[in-house]
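Student: In the order they appear, the protein sequences are chains R and B. Under this note's numbering, the first residue of the first sequence is numbered 86, with each subsequent residue one higher. Under this note's numbering, the first residue of the second sequence is numbered 272, with each subsequent residue one higher. Ideal Cβ positions, reconstructed from N, Cα and C, are used throughout, including at glycine. Since we're looking at a predicted model, the values are computed, not measured. Mind having a look at this structure? Questions to follow.
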Amino acid sequence: MTDTTSLVHLSAAELSTRLAAGDVSSVDVTRAHLDRIEAVDGDVHAFLHVSAAALETAADVDRRRAAGDVLGPLAGVPIAIKDVLCTIDMPSTSGSKILEGWVPPYDATVVAKLRAADLVPLGKTNMDEFAMGSSTEFSAYGPTHNPWSLDRIPGGSGGGSAAAVAAFEAPLALGSDTGGSIRQPGAVTGTVGVKPTYGSVSRYGAIALASSLDQVGPVSRTVLDSAMLHDVITGHDPRDSTSLRDAWPSFTEAARTGLAGGALKGVRVGVVRELNGEGFQAGVKARFAEALELMSAAGAEIVEISAPSFEHAISAYYLILPAEASSNLAKFDSVRFGLRVVPEGGGTVEDVMAATREAGFGPEVKRRIILGTYALSAGYYDAYYGSAQKVRTLVQRDFAAAFDQVDVLV
Amino acid sequence: MSEITREQVQHLAGLARIALTEAEIDTMTAELGHIVDSVAKVREVATDDVPATSHPIPLENVFRPDVVGQTLTAEQALSGAPDHDGSRFRVSAILGEEQ
Chain R
86 MTDTTSLVHL SAAELSTRLA AGDVSSVDVT RAHLDRIEAV DGDVHAFLHV SAAALETAAD
146 VDRRRAAGDV LGPLAGVPIA IKDVLCTIDM PSTSGSKILE GWVPPYDATV VAKLRAADLV
206 PLGKTNMDEF AMGSSTEFSA YGPTHNPWSL DRIPGGSGGG SAAAVAAFEA PLALGSDTGG
266 SIRQPGAVTG TVGVKPTYGS VSRYGAIALA SSLDQVGPVS RTVLDSAMLH DVITGHDPRD
326 STSLRDAWPS FTEAARTGLA GGALKGVRVG VVRELNGEGF QAGVKARFAE ALELMSAAGA
386 EIVEISAPSF EHAISAYYLI LPAEASSNLA KFDSVRFGLR VVPEGGGTVE DVMAATREAG
446 FGPEVKRRII LGTYALSAGY YDAYYGSAQK VRTLVQRDFA AAFDQVDVLV
Chain B
272 MSEITREQVQ HLAGLARIAL TEAEIDTMTA ELGHIVDSVA KVREVATDDV PATSHPIPLE
332 NVFRPDVVGQ TLTAEQALSG APDHDGSRFR VSAILGEEQ
């Protein structure tokens, strides 16, 4: 007899070990998480859709394990999926009314990889509309709440994935990160989130925000779990033309080495002088200093570095992101998928597009599309978008100089 | 100083195919002015000698082999369409009456 309530408190790595040993079934693990969602998601609102097929998928994994099939390390482990990712069996709305109820005719590559590795999709998680936001308050389907304190935000745009993991509704989740949408919710909910190296994880089937910045990545409660999930989703995808052909090292192995201790000996950790300015709460600064002490005690060498262009990065980001988003979101034209609103008395296809986009997009999305259209329009392109692209070069140079001196930045 | 006018926002909304309401145009004119002011500094930082970076990784001419792969059926491609005739997407008139 398994105590199923405690199953939700296990990490993905622990679940992996127990599932492989036959101590517990994927059906038990999946049911425990579905029960947890049932119990707490009314308050947290991490999920936009809960899969009706999860238990069936879990049972299939259990059958194949019992039959002696060789399964991957995360086989049978449940996972939540950010609603920005296309899933052939569940609605994929990207948090927008313009895609309400849309069920894509294909899976995103990362979702196909999860299925091939026999993870069990639990459902789709809430997010700021089209990933535009840092609080999950801009979802067209209502906000997600921070499980640690329901009157606080869980961060965003991937607040749903972070909250699901923090509330023990799922051991793992997928997120997407353009300007912090995985990492910042991780920080705000006390969980782990990684934006992988650009080009290492396919974006095919990820509803694009700003294509030169978007990456899909893991969300979890432990570093080892994120490493294990990262190893499942990386790799070249011919369907994503920005996908790199590099062979990626095992992050799981690296994380296990780290767990063994002493692994920071000789590692140079960079602290950016320009990011040590105003605007931090005292508690945040104190925790940051403590983290540096811990790293130092573990053998790391702490080095202060300078990155003078970083102070302009946010301005450049606020031009590059809307510019690319205004182009990417042009596809929501009421023709091939999603909402169609016909103005009173009818109209041309152009009138229908304009009425549909007025009705289907929320205020933040409209604001960014208009700003992006401005930054890209004749007469302003060089001054704004062009300048932002130059700042990008300066930021890149600062990073290159920093990594001449240190191995990692914190 | 903000250089965004109400007429500009109206024009941009037309380019972006969003039928903004009058109230939205008012709000957005003010908001856009603030945003543009706050990001205008990039114009000073970016001097002529700095090349632009459009993309983090310098990949060029990424092509796949020219062979037919797995594609969606017409039925799958039309499955999410607001309107179709079984083999094509259906839209309202492309041209207005005056054209």
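Find out if the Cβ-Cβ distance for the pair R/Val-93, R/Ala-117 is shorter than 8 angstroms.
Tutor: Reading the first sequence from its first residue, position 8 is the one you call residue 93 of chain R. Reading the first sequence from its first residue, position 32 is the one you call residue 117 of chain R. Yes, the Cβ-Cβ distance between R/Val-93 and R/Ala-117 is below 8 angstroms.
Student: What did DSSP end up calling B/Arg-361 once you bin it into helix, strand or coil?
Tutor: As a first step, residue 361 of chain B is located in the second sequence; it is residue number 90 there, counting from the start. It is coil, neither helix nor strand.
Student: Where does R/Pro-176 fall in DSSP's three states?
Tutor: Start at 1 with the first residue of the first sequence, and residue 176 of chain R comes out as number 91. DSSP places R/Pro-176 in coil when its eight states are reduced to three.
Student: Let's test the definition: count the other Cβ atoms within 10 Å of the Cβ of B/Asp-320 and tell me whether it reaches 16, buried, or not, exposed.
Tutor: The residue you call residue 320 of chain B lines up with position 49 of the second sequence. Per the 10 Å Cβ criterion, exposed.
Student: So, with DSSP's three-state summary, where would you put B/His-282?
Tutor: To locate residue 282 of chain B, count along the second sequence from 1; it is residue 11. Of the three classes helix, strand and coil, the one that applies to B/His-282 here is helix, per DSSP.
Student: Taking buried to mean at least 16 other C-beta atoms within 10 Å of its own C-beta, is R/Val-162 buried or exposed?
Tutor: Numbered from its first residue, the first sequence carries residue 162 of chain R at position 77. It counts as buried.
Student: Beta-carbon of R/Leu-156 versus every beta-carbon of chain B: anything under 8 angstroms?
Tutor: Looking up residue 156 of chain R in the first sequence gives position 71. No, because no Cβ of chain B sits closer than 8 angstroms to the Cβ of R/Leu-156.
Student: To which residues does DSSP link R/Arg-442 through a beta bridge?
Tutor: Counted from its first residue, the first sequence places residue 442 of chain R at position 357. None, per the DSSP bridge assignment.
Student: Looking only at its chain, what residues have a beta carbon closer than 7 angstroms to the beta carbon of R/Ala-202, apart from the 5 residues adjacent to it on each side?
Tutor: Taking the first sequence and counting its residues from 1, the one referred to as residue 202 of chain R is at position 117. Counting only Cβ-Cβ distances below 7 angstroms, and skipping sequence neighbours, we find Gly-157, Leu-159, Ala-160 and Val-317.
Student: Inspect the beta-carbon positions of R/Ala-138 and R/Asp-174 and report whether they are closer than 8 angstroms.
Tutor: Residue 138 of chain R sits at position 53 when you count from the first residue of the first sequence. Residue 174 of chain R sits at position 89 when you count from the first residue of the first sequence. Closer than 8 angstroms, so yes.
Student: Rounded to whole angstroms, what's the CA-CA distance from R/Ala-367 to R/Pro-281? Just pull it up for me.
Tutor: Position 282 of the first sequence holds residue 367 of chain R. Position 196 of the first sequence holds residue 281 of chain R. Whole-angstrom Cα-Cα distance: 30 angstroms.
Student: Any idea which residues DSSP pairs R/His-134 with across the strands?
Tutor: Stepping through the first sequence from its first residue, residue 134 of chain R is reached at position 49. Paired residues: R/Lys-209.
Student: Looking only at C-alpha atoms, which of R/Val-196, R/Ala-374, R/Arg-425 and R/Leu-199 sits nearest to B/Arg-361?
Tutor: On the second sequence, residue 361 of chain B is found 90 positions in, with the first residue counted as 1. Of the listed residues, the one whose Cα sits closest to B/Arg-361 is R/Arg-425.
Student: Using only alpha-carbon positions, find the residue among R/Asp-168, R/Asp-154, R/Ile-183 and R/Ile-166 that is nearest to B/Ala-352.
Tutor: Locating residue 352 of chain B in the second sequence gives position 81, where the first residue counts as 1. Comparing Cα positions, the closest option is R/Ile-183.
Student: Just the C-alpha distance for R/Ala-474 and B/Leu-343, rounded to the nearest angstrom, thanks.
Tutor: Taking the first sequence and counting its residues from 1, the one referred to as residue 474 of chain R is at position 389. Taking the second sequence and counting its residues from 1, the one referred to as residue 343 of chain B is at position 72. Per the sequence shown, the amino acid found at residue 474 of chain R is Gln instead of Ala. The straight-line gap from Cα to Cα measures roughly 36 angstroms.
Student: Tell me the DSSP secondary structure of R/Val-273 in three-state form.
Tutor: Here residue 273 of chain R is taken as the residue at index 188 of the first sequence, counted from 1. The answer is helix: DSSP assigns R/Val-273 an H, G or I state.
Student: For the alpha helix (DSSP H) that R/Ile-399 lies in, which residues bound it at each end?
Tutor: Here residue 399 of chain R is taken as the residue at index 314 of the first sequence, counted from 1. Per DSSP, R/Ile-399 belongs to the alpha helix (DSSP H) from 395 to 413.
Student: Which same chain residues, not among the five before or five after R/Ala-312, have their C-beta less than 6 angstroms away from its C-beta?
Tutor: Numbered from its first residue, the first sequence carries residue 312 of chain R at position 227. Cβ neighbours of R/Ala-312 beyond the five flanking positions: Phe-336, Thr-337 and Ala-340.
Student: Could you have a look at R/Asp-262 and say whether DSSP puts it in helix, strand or coil?
Tutor: Here residue 262 of chain R is taken as the residue at index 177 of the first sequence, counted from 1. R/Asp-262: strand per DSSP, three-state reduction.
Student: How would you list, in chain order, the residues of chain B whose beta-carbon sits under 7 angstroms from the beta-carbon of R/Ser-297?
Tutor: On the first sequence, position 212 is the one that residue 297 of chain R refers to. Ordered by position in chain B, the residues that pass the 7 angstroms Cβ test against R/Ser-297 are Ser-325, His-326 and Pro-327.
Student: Beta-carbon of R/His-397 versus every beta-carbon of chain B: anything under 8 angstroms?
Tutor: Your numbering for residue 397 of chain R matches position 312 in the first sequence. True, the Cβ-Cβ gap to chain B drops below 8 angstroms.
Student: For the stretch 339 to 359 of chain B, enumerate the residues whose C-beta is nearer than 8 angstroms to any C-beta of chain R, in chain order.
Tutor: Result list: Leu-343, Gln-347, Ala-348, Ser-350, Gly-351, Ala-352, Pro-353 and Asp-354.
Student: Quick check on DSSP: helix, strand or coil for R/Ala-473?
Tutor: Position 388 of the first sequence, counting from 1, holds the residue named residue 473 of chain R. It is helical.
Student: Please list the terminal residues of the continuous beta strand (DSSP E) segment that includes B/Arg-335.
Tutor: Here residue 335 of chain B corresponds to residue number 64 of the second sequence, with the count starting at 1. Run containing B/Arg-335: none; DSSP gives neither H nor E here.
Student: Within 8 angstroms of any Cβ in chain R, is that where the Cβ of B/Met-272 sits?
Tutor: Residue 272 of chain B sits at position 1 when you count from the first residue of the second sequence. Because B/Met-272 carries a pLDDT of 46, less than 50, the predicted location of this residue cannot be relied on, and the following value inherits that uncertainty. Judged by the 8 angstroms Cβ criterion, B/Met-272 is not in contact with chain R.
Student: For R/Val-352, which residues of its own chain have a beta-carbon under 6 angstroms away from its beta-carbon, when the five flanking residues on both sides are left out?
Tutor: Translated into positions along the first sequence, residue 352 of chain R becomes position 267. Ala-385 and Asp-492, listed in sequence order.
Student: Spell out the partners DSSP gives R/Pro-163 in its beta bridges.
Tutor: As a working mapping, residue 163 of chain R is identified with position 78 in the first sequence. Partner(s): R/Val-205.
Student: Residues in the same chain with beta-carbon distance under 8 angstroms from R/Ala-251, minus the five sequence neighbours each way, listed in chain order, please.
Tutor: As a working mapping, residue 251 of chain R is identified with position 166 in the first sequence. So the list reads Asn-231, Pro-232, Trp-233, Pro-239, Thr-274, Gly-275, Thr-276 and Arg-306, once near-sequence residues are dropped.
Student: Count the CB pairs spanning the stretch 212 to 230 of chain R and the stretch 353 to 361 of chain R that are closer than 8 angstroms, and state whether there are at least three.
Tutor: With a cut-off of 8 angstroms, the stretch 353 to 361 of chain R and the stretch 212 to 230 of chain R do not count as touching, because too few Cβ pairs lie within range.
Student: Would you tell me roughly how many angstroms separate the C-alpha atoms of R/Gly-278 and B/Val-339, rounded to the nearest one?
Tutor: The residue labelled residue 278 of chain R in the question sits at position 193 within the first sequence. The residue labelled residue 339 of chain B in the question sits at position 68 within the second sequence. The alpha-carbon atoms of R/Gly-278 and B/Val-339 are separated by roughly 38 angstroms.
Student: For R/Thr-433, which residues in chain B fall below 8 angstroms Cβ to Cβ?
Tutor: Here residue 433 of chain R corresponds to residue number 348 of the first sequence, with the count starting at 1. What R/Thr-433 touches in chain B: Ser-363, Ala-364, Ile-365, Leu-366 and Gly-367.
Student: Buried or exposed for B/Ala-294, going by 16 or more other Cβ atoms inside 10 Å?
Tutor: Your numbering for residue 294 of chain B matches position 23 in the second sequence. Its Cβ having fewer than 16 others within 10 Å, B/Ala-294 is exposed.
Student: Taking the straight line between their C-alpha atoms, what separation do you get for B/Thr-276 and R/Asp-262?
Tutor: Taking the first residue of the second sequence as 1, we reach residue 276 of chain B at position 5. Taking the first residue of the first sequence as 1, we reach residue 262 of chain R at position 177. About 33 angstroms.
Student: Helix, strand or coil: which one does DSSP assign to B/His-326?
Tutor: For the purposes of this step, residue 326 of chain B is taken as residue 55 along the second sequence, with counting starting at 1. Correct three-state label for B/His-326: coil.
Student: Leaving out the 5 sequence neighbours to the left and right, which residues in its chain are closer than 6 angstroms to R/Leu-204 when beta-carbon positions are compared?
Tutor: In the first sequence, the residue the question calls residue 204 of chain R occupies position 119. Result list for R/Leu-204: Leu-159, Val-162 and Ile-164, in chain order.
Student: My assumption, with CB atoms under 8 angstroms, is that R/Gln-269 sits in contact with R/Ser-219. Please give the rounded CB distance.
Tutor: To locate residue 269 of chain R, count along the first sequence from 1; it is residue 184. To locate residue 219 of chain R, count along the first sequence from 1; it is residue 134. 6 angstroms between Cβ atoms; contact.
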